[in-house]
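Undergrad: This is the structure I have questions about; it appears just below.
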């Protein structure tokens, strides 16, 4: 019965104006920020406002065998939330309330559609914050952050999403509601299904609520260090030296020469020295000034030209350069924005590998890195026309270069994705990292949650 018009009729009967079949809505649900779009168009977009809306949608989907793709803000970079032909796009973006904040317990209970930055703006009024800080924080949802296991600029000191979630409320494919995890700091009853759901990319269920672990706002100053180097390998060596020194900056971001030049053009800043790379580092807390001075000394000894600012506003202006990376890449063409991680000590070697891939494949790969945790974002820029469905696919030569780069990261003891997820774009390499046995075991786990395979089919574990 998949794709039957009866599906839309049943959805309308149950959910009325929550069901959207306007061409614009259907088209938007096909794509995310990855540059990839699904083939065809979904049957409908369901704009859920309540947990009941989600449950009713999934009951109808199970009864009719109709695939469901859960969406938030559509800011993903792996094609994981793109809905295509014969599928229901289930949007939880409208479920955006903060349900409860307990300052004494340092936790909040929220709906999945709340924007990361909006949550922190509200929490700041109570002297609190939620630490995960993806570069897309102004536009990405907390539910999407959890579904993809997002990271961000502050991970090296404050951890990733997995470190900041105590529990999730999950609706299964058949409409049942599970409340996973705890509202206590400690809790080891049974298997840790909360951690299993984090990063599962909509393949196990629909996240309809989350209990978040909060922090108090960090007291003291914030210092920002900008250091330029003659080339990206020297900058990577300097970042590794900072890590080896024992310093723990809150942010340490690296931009190579190509990415730095593109951002400067976009922001109408003076052109940097050709090939120059930049490290932008922040320290915070009561020891911020002393740590900044110590880090500046390490960077100078590593060959950097270093400037230190104690002004928060100036620090944000410097970080705005890093946060402008994605729009800067869009000015160059279609960007396949990738996401590999390596051990921090291997960061210089990984930049050597990127340079080799550029030479061997005759392309330029602008790259930024969360240098504090070894997470790199190589950008493969290409020019291609959309097909009949509006899909812009990277050409084979780009995927050949990406394949070469991914395998280099694995050889260095790294991983295919640090924070973007697998989605559609990385699924063909998943077994290379996991091995056949683990790949099959993980696929079987998804079938325990979703026996009929209707949740986000074709993503992550597709053959």
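In my numbering, the protein residues as written are 21 to 483.
Backbone N, C-alpha and C fix where the C-beta goes; we use that ideal spot for every residue, glycine too.
Going by C-alpha to C-alpha distance, which of 325, 264 and 188 sits closest to residue 167?
TA: Within the chain shown, residue 167 is the residue found at index 147, counting from 1. Among 325, 264 and 188, the Cα nearest to that of residue 167 is on 188.
Undergrad: Which residue wins for smallest C-alpha separation from residue 18, given the options 30, 388 and 423?
TA: Because the chain is modelled from 21 through 483, residue 18 falls outside the range shown and cannot be assessed.
Undergrad: With DSSP run on the structure shown, which of helix, strand or coil describes residue 201?
TA: For the purposes of this step, residue 201 is taken as the residue at position 181 of the chain shown. If DSSP states are grouped into helix, strand and coil, residue 201 belongs with the strands.
Undergrad: If you reduce the DSSP assignment to three classes, tell me which class residue 150 lands in.
TA: Walking along the chain shown from the start, residue 150 turns up at place 130. It is coil, neither helix nor strand.
Undergrad: Among the candidates 471, 402 and 256, whose CA atom is the shortest distance from the CA of residue 394?
TA: Numbered from 1 along the chain shown, position 374 holds the residue referred to as residue 394. Residue 394 has its Cα closest to that of 256, out of 471, 402 and 256.
Undergrad: Shortest alpha-carbon distance to residue 87 belongs to which of 109, 72, 100 and 95?
TA: Sequence index remark: in the chain shown, residue 87 carries index 67 (1-based). Here the closest residue by C-alpha is 109.
Undergrad: Run the CB neighbour count on residue 442, radius 10 Å, all protein chains shown included, and call it buried at 16 or more, exposed below.
TA: Counting from one through the chain shown, the residue named residue 442 turns up at place 422. Flag for residue 442 reads buried.
Undergrad: Which residues bound the beta strand (DSSP E) around residue 372?
TA: For the purposes of this step, residue 372 is taken as the residue at position 352 of the chain shown. Premise fails: residue 372 lies in the alpha helix (DSSP H), 367-381, not in any beta strand (DSSP E).
Undergrad: Measure the CB-CB distance between residue 436 and residue 222 and report whether it falls below 9 Å.
TA: Start at 1 with the first residue of the chain shown, and residue 436 comes out as number 416. Start at 1 with the first residue of the chain shown, and residue 222 comes out as number 202. Cβ distance not < 9 Å, so residue 436 and residue 222 don't count as in contact.
Undergrad: I'd like the span of the beta strand (DSSP E) that includes residue 4, first residue to last.
TA: Any property of residue 4 remains undetermined from this structure, which presents the chain solely from 21 to 483.
Undergrad: Which partner residues of residue 227 appear in the DSSP bridge assignment?
TA: Taking the first residue of the chain shown as 1, we reach residue 227 at position 207. Residue pairing by DSSP places residue 227 opposite 190 in a beta bridge.
Undergrad: Rounded to whole angstroms, how far is the Cβ of residue 271 from the Cβ of residue 143, which I believe are closer than 8 Å?
TA: Stepping through the chain shown from its first residue, residue 271 is reached at position 251. Stepping through the chain shown from its first residue, residue 143 is reached at position 123. Rounded, the Cβ-Cβ distance is 19 Å, inconsistent with contact.
Undergrad: With distance defined between alpha-carbon atoms, name the residue in 234, 78 and 117 nearest to residue 192.
TA: What you label residue 192 is simply residue 172 of the chain shown in a count that begins at 1. Ranked by Cα distance from residue 192, the first of 234, 78 and 117 is 78.
Undergrad: Check residue 75 in the structure and name its three-state DSSP category.
TA: For this step, residue 75 is matched to residue 55 along the chain shown. Of the three classes helix, strand and coil, the one that applies to residue 75 here is helix, per DSSP.
Undergrad: What is the rounded straight-line gap between the Cα of residue 247 and the Cα of residue 326?
TA: Counted from its first residue, the chain shown places residue 247 at position 227. Counted from its first residue, the chain shown places residue 326 at position 306. Roughly 4 Å separates the two Cα atoms.
Undergrad: Could you check whether residue 281 and residue 291 sit closer than 9 Å to each other, using their CB atoms as the reference points?
TA: Here the question's residue 291 lines up with position 271 in the chain shown. Here the question's residue 281 lines up with position 261 in the chain shown. Contact flag set, yes.
Undergrad: Is the separation between the beta-carbon of residue 139 and that of residue 107 shorter than 9 Å?
TA: To locate residue 139, count along the chain shown from 1; it is residue 119. To locate residue 107, count along the chain shown from 1; it is residue 87. No, the Cβ-Cβ distance between residue 139 and residue 107 is not below 9 Å.
Undergrad: So, is residue 425 buried or exposed, given that buried needs 16 or more other C-beta atoms within 10 angstroms?
TA: The residue labelled residue 425 in the question sits at position 405 within the chain shown. When all chains shown are included, residue 425 counts as buried.
Undergrad: DSSP has residue 360 in a bridge; who is on the other side?
TA: Translated into positions along the chain shown, residue 360 becomes position 340. Residue 360 is bridged to 396.
Undergrad: Note down the Cα distance separating residue 70 from residue 375, rounded to an integer number of angstroms.
TA: On the chain shown, residue 70 is found 50 positions in, with the first residue counted as 1. On the chain shown, residue 375 is found 355 positions in, with the first residue counted as 1. Answer to the nearest angstrom: the Cα atoms are 49 Å apart.
Undergrad: Determine, using beta carbons only, whether residue 224 and residue 465 come nearer to each other than 9 Å.
TA: Start at 1 with the first residue of the chain shown, and residue 224 comes out as number 204. Start at 1 with the first residue of the chain shown, and residue 465 comes out as number 445. Yes, these two residues count as a Cβ contact at 9 Å.
Undergrad: Exposed or buried, what is residue 217 when buried is set at 16 or more other beta-carbons lying within 10 Å of its beta-carbon?
TA: Counted from its first residue, the chain shown places residue 217 at position 197. The residue in question, residue 217, is buried, as its Cβ has 16 or more Cβ neighbours within 10 Å.
Undergrad: Output yes or no for whether 9 Å exceeds the beta carbon distance between residue 201 and residue 213.
TA: Taking the first residue of the chain shown as 1, we reach residue 201 at position 181. Taking the first residue of the chain shown as 1, we reach residue 213 at position 193. In this structure, residue 213 lies closer than 9 Å to residue 201 by Cβ.
Undergrad: Measuring CB to CB, does residue 243 end up less than 9 Å from residue 303?
TA: To locate residue 243, count along the chain shown from 1; it is residue 223. To locate residue 303, count along the chain shown from 1; it is residue 283. Result yes, Cβ atoms of residue 243 and residue 303 sit closer than 9 Å.
Undergrad: For residue 349 versus residue 279, is the C-beta spacing smaller than 9 Å?
TA: Within the chain shown, numbered from 1, the residue matching residue 349 stands at position 329. Within the chain shown, numbered from 1, the residue matching residue 279 stands at position 259. Contact: yes.
Undergrad: In its own chain, which residues sit with a C-beta less than 6 Å from the C-beta of residue 94, not counting the 5 before and 5 after it?
TA: As a position in the chain shown, residue 94 is number 74, starting the count at 1. Excluding residues within five positions, the ones whose Cβ falls inside 6 Å are 52.
Undergrad: Helix, strand or coil for residue 69 per DSSP?
TA: As a first step, residue 69 is located in the chain shown; it is residue number 49 there, counting from the start. Three-state DSSP puts residue 69 in coil, outside helix and strand.
Undergrad: Closest by CA to residue 396, which one among 403, 362, 81 and 379?
TA: For the purposes of this step, residue 396 is taken as residue 376 along the chain shown, with counting starting at 1. Of the listed residues, the one whose Cα sits closest to residue 396 is 362.
Undergrad: Please give me, in chain order, every unbroken run of the beta strand (DSSP E) with length at least 3 that falls completely inside the segment 304-344.
TA: 325-329
Undergrad: Where are the beta strand (DSSP E) runs, 3 residues long or more, that stay fully inside the segment 113-160, in chain order?
TA: 118-122 and 127-130, all fully within the segment 113-160.
Undergrad: Note down, in chain order, each residue of its chain lying with its Cβ closer than 8 Å to the Cβ of residue 470, except the 5 sequence neighbours on either side.
TA: Position 450 of the chain shown, counting from 1, holds the residue named residue 470. Residues 192, 193, 223, 224 and 225 of the same chain have their beta carbon placed closer than 8 Å to that of residue 470, with the five preceding and five following residues left out of the count.
Undergrad: Short check: CB of residue 412 to CB of residue 56, under 9 Å?
TA: Numbered from its first residue, the chain shown carries residue 412 at position 392. Numbered from its first residue, the chain shown carries residue 56 at position 36. Contact flag set, yes.
Undergrad: Keeping to the same chain, check which residues put their C-beta closer than 7 Å to that of residue 34; ignore five residues upstream and five downstream.
TA: Stepping through the chain shown from its first residue, residue 34 is reached at position 14. Hits under 7 Å: 76 and 80.
Undergrad: Just curious, the beta strand (DSSP E) that residue 110 is in, first and last residue?
TA: Numbered from 1 along the chain shown, position 90 holds the residue referred to as residue 110. From DSSP, the beta strand (DSSP E) with residue 110 extends over 108-111.
Undergrad: Secondary structure at residue 250, three-state DSSP: helix, strand or coil?
TA: For the purposes of this step, residue 250 is taken as residue 230 along the chain shown, with counting starting at 1. Here residue 250 sits in coil by DSSP.
Undergrad: Excluding sequence positions up to five away, which residues of its chain have a Cβ less than 6 Å from the Cβ of residue 401?
TA: Numbered from its first residue, the chain shown carries residue 401 at position 381. Excluding sequence neighbours, residue 401 sits near 352, 353 and 355.
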